[in-house]
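Peer 1: Following this message is one structure expressed as structure tokens.
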Amino acid sequence: MGVASPYGGDLAGAYVMELNDLGLLDDGDIDLVEAGIALARADRPEADASRLRRLVSGWAIALQRDTPPVSGSGRARRLSNLIASEAGLTGASDDYDNPLNADLIAVVERGRGLPVALSILYVALARRVGWRANALNLPGHVIVEIKGGVDTALIDPFDHGMGISRDRAVEIARHGGGDAATARFEPMTNRQLLIRLITNQASRARSGGDTVRALRLYERMTAIAPRLSSLWWERARLEQLLGHNNAARGSLTAMLETTHDTAMSRRIQAALAALARSES
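Just so you know, the sequence shown maps onto residues 19 to 298 in the working numbering.
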């Protein structure tokens with residue numbers, strides 16, 4: 019079956035349906051690797067995910083075969099040895115804006131990716147073997163926190179999985195425009211990680227003037243996180259730019275149903291009224 023566009027066609031539709039299914043799951047029930055595969059195949063329906071699945075399964079077997087480290091720092095080193103040293107996965111510093119750097123299947127094929135894509139692999143692997151791990155949200159960056167019985171370690175997956183200190187994390191946050199004096203590194207939920215993965219692509223599509231692509235990405239984000247009202251607002255804006263007024267009305271209505279903010283409700287109602295006036 020043929021693919022109708024560079025960003026998917028008939029085959030891609032099946033993976034869009036998978037993304038809709040993600041929106042129905044509790045956050046803790048989301049399998050980050052499988053969700054990443056669905057996102058990759060929404061753009062590249064014929065992409066082969068077998069290598070990614072084999073890698074993650076093999077890593078998990080290797081971790082379970084050896085005596086597991088008790089400390090967070092020991093666990094962090096084991097993860098980095100497998101993912102960065104042995105598999106060679108690290109940051110895409112030479113072609114950062116390449117869309118494939120946000121494609122989990124392509125990341126393992128090419129050996130490089132965005133901070134958020136690499137962080138998903140570290141977190142997913144750690145959790146698969148029962149270790150506590152979180153991706154931490156920094157301005158312009160994502161790092162990984164690995165917890166153990168006696169300590170907690172931080173990893174920068176973009177920098178060859180290097181262990182970093184909290185001071186170094188603060189420095190990274192400052193470089194990204196954060197307030198180092200009040201630096202708090204919030205753990206990201208599974209949905210937030212997936213949205214961050216898509217947002218990187220959507221921002222580049224918008225800045226490049228590709229409104230059609232940006233809208234397609236926001237459609238995916240609202241499927242994954244239907245209760246996040248800010249996504250519906252941007253989706254409606256893009257739909258209006260493309261003249262899809264009925265779709266924009268539907269997005270604004272969906273947003274109205276998910277927001278509990280009175281001021282935002284008034285803003286949405288005003289936008290709906292303006293949309294109605296523009297059609298009269």
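All residues carry an ideal CB built from backbone N, CA and C; glycine is no exception.
Can you tell me where the alpha helix (DSSP H) with Val125 in it begins and where it stops?
Peer 2: Here residue 125 is taken as the residue at index 107 of the sequence shown, counted from 1. Note, Val125: alpha helix (DSSP H), 122-128.
Peer 1: Starting from the C-beta of Ala289, find all residues in its chain whose C-beta is less than 8 angstroms away, skip the five residues before and the five after it, and write them out in chain order.
Peer 2: The sequence position of residue 289 within the sequence shown is 271, counting from 1. These residues qualify, in order along the chain: Ala254, Leu270.
Peer 1: Mapping the DSSP letters down to three states, classify His159 as helix, strand or coil.
Peer 2: The residue given as residue 159 occupies position 141 in the sequence shown. Residue state, collapsed to three classes: strand.
Peer 1: What residue range does the beta strand (DSSP E) around Asp174 cover?
Peer 2: Looking up residue 174 in the sequence shown gives position 156. Per DSSP, Asp174 belongs to the beta strand (DSSP E) from 170-174.
Peer 1: Mind checking Arg245: buried by the 16 CB within 10 Å criterion, or exposed?
Peer 2: Within the sequence shown, residue 245 is the residue found at index 227, counting from 1. Counting Cβ neighbours within 10 Å, Arg245 comes out exposed, since fewer than 16 surround it.
Peer 1: Which ranges does the beta strand (DSSP E) cover as unbroken runs of at least 3 residues, wholly within the stretch 80-156, from first to last along the chain?
Peer 2: Listed in chain order, they are 150-156.
Peer 1: Could you tell me the distance, in whole angstroms, from the CA atom of Gly76 to the CA atom of Arg83?
Peer 2: Position 58 of the sequence shown, counted from the first residue, corresponds to residue 76. Position 65 of the sequence shown, counted from the first residue, corresponds to residue 83. Those two C-alpha atoms are separated by around 10 angstroms.
Peer 1: Contact between the stretch 184-192 and the stretch 220-229: three or more CB pairs below 8 angstroms?
Peer 2: No, the stretch 184-192 does not touch the stretch 220-229.
Peer 1: CB Ile55 to CB Ile123, shorter than 8 angstroms?
Peer 2: Numbered from 1 along the sequence shown, position 37 holds the residue referred to as residue 55. Numbered from 1 along the sequence shown, position 105 holds the residue referred to as residue 123. Yes, they are a contact pair.
Peer 1: When burial is assigned at 16 or more other CB atoms within 10 Å of the CB, is Gly106 buried or exposed?
Peer 2: Taking the first residue of the sequence shown as position 1, residue 106 is located at position 88. Under this definition Gly106 is an exposed residue.
Peer 1: On the criterion of 16 or more Cβ atoms from any shown chain inside 10 Å, does Arg202 qualify as buried, or is it exposed?
Peer 2: Along the sequence shown, one-based indexing puts residue 202 at 184. So Arg202 ends up on the exposed side.
Peer 1: Taking Glu252 as the reference, give the member of Asn264, Gly261, Ile242, Ala232 with the closest Cα.
Peer 2: On the sequence shown, residue 252 is found 234 positions in, with the first residue counted as 1. Closest by alpha carbon: Ala232.
Peer 1: Which term fits Gly167, buried or exposed, when burial requires 16 or more other beta carbons within 10 angstroms of its beta carbon?
Peer 2: Numbered from its first residue, the sequence shown carries residue 167 at position 149. It is exposed - the Cβ of Gly167 has fewer than 16 other Cβ atoms within 10 Å.
Peer 1: Return helix, strand or coil for Ile48, following the three-state DSSP convention.
Peer 2: Your numbering for residue 48 matches position 30 in the sequence shown. Looking at Ile48 - three-state DSSP - the assignment turns out to be coil, as it is neither helix nor strand.
Peer 1: May I have the straight-line CA-CA distance separating Pro133 from Asp174, to the nearest angstrom?
Peer 2: Locating residue 133 in the sequence shown gives position 115, where the first residue counts as 1. Locating residue 174 in the sequence shown gives position 156, where the first residue counts as 1. Using only the alpha carbons, I get a separation of about 8 angstroms.
Peer 1: Could you tell me whether the Cβ atoms of Leu70 and Val88 are closer together than 8 angstroms?
Peer 2: To locate residue 70, count along the sequence shown from 1; it is residue 52. To locate residue 88, count along the sequence shown from 1; it is residue 70. Cβ distance not < 8 angstroms, so Leu70 and Val88 don't count as in contact.
Peer 1: So, is Ala281 buried or exposed, given that buried needs 16 or more other C-beta atoms within 10 angstroms?
Peer 2: By 1-based counting over the sequence shown, the position of residue 281 is 263. Ala281 comes out exposed.
Peer 1: Within 10 Å of its beta-carbon, does Gln287 have 16 or more other beta-carbons around it, so buried, or fewer, so exposed?
Peer 2: In the sequence shown, counting from the first residue as 1, residue 287 sits at position 269. When all chains shown are included, Gln287 counts as exposed.
Peer 1: Using only alpha-carbon positions, find the residue among Glu36, Gly181, Asn155 that is nearest to Gln210.
Peer 2: The sequence position of residue 210 within the sequence shown is 192, counting from 1. Nearest of Glu36, Gly181, Asn155 to Gln210, Cα basis: Asn155.
Peer 1: Kindly indicate which residue of Asp121, Arg222, Asp44 has the alpha-carbon position closest to the one of Arg62.
Peer 2: Within the sequence shown, numbered from 1, the residue matching residue 62 stands at position 44. The shortest Cα separation from Arg62 among Asp121, Arg222, Asp44 belongs to Asp121.
Peer 1: Taking all protein chains shown into account, do 16 or more other C-beta atoms lie within 10 angstroms of the C-beta of Ser23, making it buried, or fewer, making it exposed?
Peer 2: To locate residue 23, count along the sequence shown from 1; it is residue 5. Reliability fails at Ser23, whose pLDDT of 33 lies under 50, so the model's placement of it is uncertain and the value that follows must be treated cautiously. Label assigned to Ser23: exposed.
Peer 1: On the criterion of 16 or more Cβ atoms from any shown chain inside 10 Å, does Ala110 qualify as buried, or is it exposed?
Peer 2: As a working note, residue 110 is residue 92 in the sequence shown. The residue in question, Ala110, is buried, as its Cβ has 16 or more Cβ neighbours within 10 Å.
Peer 1: On the three-state DSSP scale, how would you describe Gly181?
Peer 2: Stepping through the sequence shown from its first residue, residue 181 is reached at position 163. Three-state result, Gly181: strand.
Peer 1: Do you know how far the Cα of Leu249 is from the Cα of Thr240?
Peer 2: Here residue 240 refers to the residue found at position 222 of the sequence shown. Here residue 249 refers to the residue found at position 231 of the sequence shown. Using only the alpha carbons, I get a separation of about 6 angstroms.
Peer 1: Looking at the unbroken alpha helix (DSSP H) that takes in Met206, where does it start and where does it end?
Peer 2: Taking the sequence shown and counting its residues from 1, one reaches residue 206 at position 188. Counting along the chain, Met206 falls outside any alpha helix (DSSP H), and DSSP gives it neither H nor E.
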